[in-house]
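Reviewing the structure listed below.
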Amino acid sequence: MTGAMLNLQWEAMSLYPAGYFTRQIPVRASVTYPQGWRAATALRGTTAGDTVTYEPVSYDVLVDSPVFAGCHFRAEDLGQGFTLNIVADDARFLDAKPAQIDAHKRLVDQALKLFGSRPFDHYDFLLSLSDEMGGIGLEHHRSSENGVPPWYFTEWASGPGRRSLLPHELTHSWNGKYRRPADLWTPDYKTPMRDSLLWVYEGQTQFWGYVLSARSGLYSKQETLDTLAMIAATLDTRKGRTWRPLQDTTNDPIISARRPKPWVSWQRSEDYYNEGMLVWLEADSIIREKSGGKKGLDDFARTFFAARDGDYGQRPYDFDEVVATLNSIQPHDWAAFLKARLDQTSDRAPLAGFGASGYKLVYTDEATPSFKDVEKRNRVTDLSYSGGLVVGSGDEISTVLWDSAAFNAGLTVGMKLLAVNGVAYSTDELTAAIKAAKGGSAPIKLLVKAKKRIFEVDLHWHEGLRYPRFEKTAKADGPLDKLLQPRL
Ligand SMILES: [Zn+2]
Numbered sequence: 043m044t045g046a047m048l049n050l051q052w053e054a055m056s057l058y059p060a061g062y063f064t065r066q067i068p069v070r071a072s073v074t075y076p077q078g079w080r081a082a083t084a085l086r087g088t089t090a091g092d093t094v095t096y097e098p099v100s101y102d103v104l105v106d107s108p109v110f111a112g113c114h115f116r117a118e119d120l121g122q123g124f125t126l127n128i129v130a131d132d133a134r135f136l137d138a139k140p141a142q143i144d145a146h147k148r149l150v151d152q153a154l155k156l157f158g159s160r161p162f163d164h165y166d167f168l169l170s171l172s173d174e175m176g177g178i179g180l181e182h183h184r185s186s187e188n189g190v191p192p193w194y195f196t197e198w199a200s201g202p203g204r205r206s207l208l209p210h211e212l213t214h215s216w217n218g219k220y221r222r223p224a225d226l227w228t229p230d231y232k233t234p235m236r237d238s239l240l241w242v243y244e245g246q247t248q249f250w251g252y253v254l255s256a257r258s259g260l261y262s263k264q265e266t267l268d269t270l271a272m273i274a275a276t277l278d279t280r281k282g283r284t285w286r287p288l289q290d291t292t293n294d295p296i297i298s299a300r301r302p303k304p305w306v307s308w309q310r311s312e313d314y315y316n317e318g319m320l321v322w323l324e325a326d327s328i329i330r331e332k333s334g335g336k337k338g339l340d341d342f343a344r345t346f347f348a349a350r351d352g353d354y355g356q357r358p359y360d361f362d363e364v365v366a367t368l369n370s371i372q373p374h375d376w377a378a379f380l381k382a383r384l385d386q387t388s389d390r391a392p393l394a395g396f397g398a399s400g401y402k403l404v405y406t407d408e409a410t411p412s413f414k415d416v417e418k419r420n421r422v423t424d425l426s427y428s429g430g431l432v433v434g435s436g437d438e439i440s441t442v443l444w445d446s447a448a449f450n451a452g453l454t455v456g457m458k459l460l461a462v463n464g465v466a467y468s469t470d471e472l473t474a475a476i477k478a479a480k481g482g483s484a485p486i487k488l489l490v491k492a493k494k495r496i497f498e499v500d501l502h503w504h505e506g507l508r509y510p511r512f513e514k515t516a517k518a519d520g521p522l523d524k525l526l527q528p529r530l
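Residues in the sequence shown are numbered from 43 upward in steps of one, following my numbering.
Written out as structure tokens, the structure reads:
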């Protein structure tokens, strides 16, 4: 809660009797909000003064229906039973233009065209424009909690920013809440969940999240490709992939509970999100190629996530059902394909889905606008592919890639850069030195400070500045181009 808004999560505000199925515990909740505030949730209720009394629901539905409330509030009817509920740090951030609201309407339209059915009676986007309340992204069956920076609408033209968040969380209504991995479904909150199918739950949600971002126009096609290039490059150079298979990363939420890691490039992280997406991109390209362009992963989504309209019950699934549904769309050795991607280690990321569309991951000395945008927003200088380090605030190294030139020079996280080739450190001095060293043999001389010690480090990097992007090698549209087109 801040002075202007509230994110009310019922599980933090309630006790329930242990030992019963949560879906069989009826609850009638009521909330008295600060005077003049307005509240939004998937629950419906009656208002008397500042108190809202919500309709009785089962405890699992209550917990799955959080509230965003605030004094600066705006609700937009997106049509088809969807509402965009916005709370903001200040009223001026609520100034969403009709074209921006239209993009969210197209998101709804494209999602319904994709899945073809509605596992909910209505859907409420809860959107907070805040740099005080935190950037939550949390899926629910009939709503989602979405925390974005305050300038989400007011600096729309500056780049897509977090505009893939709503498409991602909306996709979860089908993929995660309605269709739920069998080992992730539990009858109550004391039974441990298991994560073996998160590469479907999150991986395919990442996939549809970006596809729907592109189809709705929340991202341009180029912004989508540039973002995918950053993701592909990160995973393609992640050394941890040589020892840790993708499937094992589904244990990451249990092992590390999202705490920072010192060597993500070696340890890996929740790679089932983005690498899961790459696996589904490859699956889409296989379906399109084998079916002569007649089918794609859209057909899988329409079949696998088919719901009874308005029914927000849950249907669990397992690995075999995923394989069987893929085979019903397009016969292929899907079990072997998925097991290879999930259980085998490899030097390189699965990028065949791009190759089939004539896209090649290349590195050039000019960063894409999307890359620059991420650098700006994160306040870093990202030299991941230009020696293997990221410099954050206070000229401190915030990341070093395992086995990179920076790593082999002895640089590590937390060191402060003082000078480059005898000149006081600045981002420009470092990038200029990296450029000048291209093709040469003399090291870049860095003066660094680690706690109280100051010493010189020779950085042997002679490939200059390198930034990832996709280069289109084929003239014709391929599976990826077709995938990103809006559905009519
Ligand atoms: Zn997710």
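From the three backbone atoms N, C-alpha and C, an ideal C-beta is built for every residue, glycine too.
Inset, instruction - Taking Lys402 as part of the beta strand (DSSP E), name the residues at either end of that continuous run. - result: The continuous beta strand (DSSP E) containing Lys402 extends over residues Tyr401 to Thr406.
Inset, instruction - Could you tell me whether any non-hydrogen atom of ligand 1 is closer than 8 angstroms to the CB of Gly218? - result: Gly218 Cβ: within cutoff of ligand 1.
Legend entry - Cβ neighbour criterion (16 or more within 10 Å) applied to Thr276: By the neighbour-count rule (16 or more Cβ atoms within 10 Å), Thr276 is buried.
Inset, instruction - Please confirm whether Pro223 and Val242 have their CB atoms less than 9 angstroms apart. - result: Between Pro223 and Val242, the C-beta spacing is below 9 angstroms.
Inset, instruction - With Lys263 as the anchor, note down where its alpha helix (DSSP H) starts and where it stops. - result: Secondary structure note for Lys263: its alpha helix (DSSP H) is the uninterrupted segment Lys263 to Asp278.
Inset, instruction - Determine the contact status of Ile476 and Ser428, defining contact as a CB-CB distance below 9 angstroms. - result: Taking 9 angstroms as the Cβ cut-off, Ile476 and Ser428 qualify as a contacting pair.
Legend entry - Continuous alpha helix (DSSP H) stretch holding Asn420: start and end: Element bounds for Asn420: Pro411 to Asn420.
Legend entry - Minimum C-alpha distance to Trp285 - residue among Thr233, Pro59, Gln246 and Trp308: Of all alpha-carbon atoms in Thr233, Pro59, Gln246 and Trp308, the one lying nearest the alpha-carbon of Trp285 is that of Trp308.
Legend entry - Same chain, Cβ closer than 7 angstroms to Ser255, neighbours up to 5 away in sequence not counted: Counting only Cβ-Cβ distances below 7 angstroms, and skipping sequence neighbours, we find Arg205, Ser206, Pro209, Tyr261 and Thr266.
Legend entry - Beta-carbon spacing of Ser185, Phe157 below 9 angstroms: No; because the gap between Cβ atoms is not below 9 angstroms, this pair is not in contact.
Legend entry - Three-state secondary structure (DSSP) of Asp173: Under the three-state reduction of DSSP, Asp173 is assigned to coil, being neither helix nor strand.
Inset, instruction - Give me the Cβ distance between Val190 and Leu171, rounded to the nearest whole Å; I'm assuming they're in contact under 8 angstroms. - result: So it is a contact: roughly 6 angstroms between Cβ atoms.
Legend entry - Where Lys487 sits in the DSSP three-state scheme: DSSP places Lys487 in strand when its eight states are reduced to three.
Inset, instruction - State yes or no: is the C-beta of Ala479 within less than 9 angstroms of the C-beta of Trp503? - result: Their beta carbons are under 9 angstroms apart, which means Ala479 touches Trp503 by this criterion.
Legend entry - Residue closest to Arg70, alpha-carbon to alpha-carbon, out of Thr89, Thr95 and Ala81: Nearest C-alpha to Arg70: Thr95.
Inset, instruction - Using only the heavy atoms of ligand 1, determine whether one of them is closer than 8 angstroms to the beta carbon of Tyr405. - result: Tyr405 Cβ: outside cutoff for every heavy atom of ligand 1.
Legend entry - Unbroken stretches of the alpha helix (DSSP H), 4 residues or longer, contained in the region 331 to 410: Runs found: 339 to 346, 361 to 371, 376 to 385 and 394 to 397.
Inset, instruction - Please list, in chain order, all residues of the same chain as Asp500 whose beta carbon is under 7 angstroms from its beta carbon, the five residues on each side excluded. - result: The residues are Ala451, Pro485 and Lys487.
Legend entry - Option nearest Lys219 by Cα separation, candidates Ala117, Asp106 and Phe361: Ranked by Cα distance from Lys219, the options Ala117, Asp106 and Phe361 are led by Asp106.
Inset, instruction - Look up Glu471 in the DSSP assignment and say whether it is helix, strand or coil. - result: Helix, per DSSP.
Inset, instruction - Give a yes or no on whether the C-beta atoms belonging to Ala349 and Ser159 are separated by under 9 angstroms. - result: For the 9 angstroms CB-CB criterion, Ala349 and Ser159 form a contact.
Inset, instruction - Using the Cα positions of Gly201 and Tyr75, report the straight-line distance between them to the nearest angstrom. - result: Rounded to the nearest angstrom, the two C-alpha atoms are 35 angstroms apart.
Legend entry - CB-CB length for Gln51 against Trp227, believed under 8 angstroms: In this structure Gln51 does not touch Trp227 by the C-beta definition: roughly 20 angstroms separates them, more than the 8 angstroms allowed.
Inset, instruction - Output the distance between the C-alpha atoms of Trp322 and Arg283, rounded to the nearest integer angstrom. - result: Near 18 angstroms, if we compare the C-alpha coordinates of Arg283 and Trp322.
Inset, instruction - Quick one: grab the DSSP three-state call for Val306. - result: Reduced to three states, the DSSP call for Val306 is helix.
Inset, instruction - Run the CB neighbour count on Tyr509, radius 10 Å, all protein chains shown included, and call it buried at 16 or more, exposed below. - result: Under the 10 Å beta carbon count, Tyr509 is surrounded by 16 or more other beta carbons and is classified as buried.
Inset, instruction - For Thr247, verify whether its CB is less than 8 angstroms away from any heavy atom of ligand 1. - result: Remark: the shortest separation between the CB of Thr247 and any heavy atom of ligand 1 falls under 8 angstroms.
Inset, instruction - Assign Val103 to one of two classes, buried (16 or more other C-beta atoms within 10 Å of its C-beta) or exposed (fewer than that). - result: Here Val103 is buried: its Cβ has 16 or more other Cβ atoms, across all protein chains shown, within 10 Å.
Inset, instruction - Report, in whole angstroms, the separation of the C-beta atoms of Gly318 and Gly400, which I expect to be a contact under 8 angstroms. - result: Incorrect: roughly 23 angstroms between the Cβ atoms, too far for contact.
Inset, instruction - Could you give the DSSP three-state label for Tyr315: helix, strand or coil? - result: In this structure, Tyr315 counts as coil in the three-state DSSP scheme.
Legend entry - Reduced DSSP secondary structure (H/G/I, E/B, other) of Leu104: Note: Leu104 maps to helix in three-state DSSP.
Inset, instruction - Run the CB neighbour count on Met47, radius 10 Å, all protein chains shown included, and call it buried at 16 or more, exposed below. - result: Buried, because 16 or more other Cβ atoms sit within 10 Å of the Cβ of Met47.
Inset, instruction - Output the distance between the C-alpha atoms of Phe135 and Ala199, rounded to the nearest integer angstrom. - result: Using only the alpha carbons, I get a separation of about 15 angstroms.
Legend entry - Contacting residues, own chain, Cβ-Cβ under 6 angstroms from Gln289 (five flanking each side not counted): Excluding sequence neighbours, Gln289 sits near Leu384 and Asp385.
Legend entry - One or two residues paired with Glu438 in a DSSP bridge: According to DSSP, Glu438 bridges with Lys458.
Inset, instruction - Check whether the Cβ of His183 lies closer than 8 angstroms to any heavy atom of ligand 1, and answer yes or no. - result: Answer for His183: no, Cβ out of range of ligand 1.
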